[in-house]
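Numbering of the sequence shown is given in the working numbering, commencing with residue 4 and proceeding in unit increments.
Just so it is clear, CB atoms sit at the ideal spot from N, CA and C, and this is done for glycine as well.
Contents: one structure, followed by commentary.
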Amino acid sequence: MAGACIGFLFHNRYKASIFMGDTGSLALGGALAAMAACTGMFFPLFIASGIFVMEVLSVIIQVLSVKITKRLCGTCKRVFRMAPVHHHFEICGWREPTIVASAYVISYIFAMLAGYIGLTSA
4 MAGACIGFLF HNRYKASIFM GDTGSLALGG ALAAMAACTG MFFPLFIASG
54 IFVMEVLSVI IQVLSVKITK RLCGTCKRVF RMAPVHHHFE ICGWREPTIV
104 ASAYVISYIF AMLAGYIGLT SA
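Here it is in structure tokens:
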């Protein structure tokens, strides 16, 4: 699985020549969930998925802020210019390779932290 992901990342560098669809992403997510279920290491998986959690939280925060401020103030106030947060960075002027490189670094940090937690809890 790691080899397939590395091969995909090689072909998906800027300007991407291939894109992963729902079938590929759901298969990877299912494989990760199955590995976590078989080993009982759900917390390290949650930590390793930190970038995805941040993306989902940005959408939840945006929707809640719009709904709450519309109800209380009558006007919509947004936390981000656009959700998910990587689109917010694009609108703020970040170039796509910069956003991707930042996501790689954050994912690497979360993966190392998850590996450490997984090794110390085993």
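Would you mind working out which of the options sits nearest residue i, comparing C-alpha positions?
i     : options                : result
Phe55 : Glu93, Tyr17 and Ala86 : Ala86
Val62 : Phe83, Lys73 and Thr78 : Phe83
Ala34 : His14, Ala104 and Cys8 : Cys8
Report all residues from its chain with a CB closer than 8 Å to the CB of residue i; omit the five preceding and five following residues, and keep chain order.
i     : result
Glu58 : Pro87, Val88 and His89
Thr72 : Thr78, Cys79 and Lys80
Is it right to say residue i is buried, meaning 16 or more other beta carbons lie within 10 angstroms of its own, or is it exposed?
i      : result
Ala117 : buried
Pro47  : buried
I'd like the span of the alpha helix (DSSP H) that includes residue i, first residue to last.
i     : result
Gly96 : From DSSP, Gly96 is part of no alpha helix (DSSP H); its letter is neither H nor E.
Met57 : Gly53 to Cys76
Gly33 : Asp25 to Thr42
Cys8  : Ala5 to His14
Between residue i and the rest of its own chain, which residues show a CB-CB distance below 6 Å, the 5 nearest in sequence each way excluded?
i      : result
Ile102 : His89 and Phe92
Residues in its own chain within less than 7 Å of residue i by CB, not counting five upstream and five downstream?
i     : result
Val69 : Cys79 and Arg81
Ile64 : Val82
Pair every Cβ in the segment 43-52 with every Cβ in the segment 116-123, then say whether three or more of these pairs are closer than 8 Å. yes
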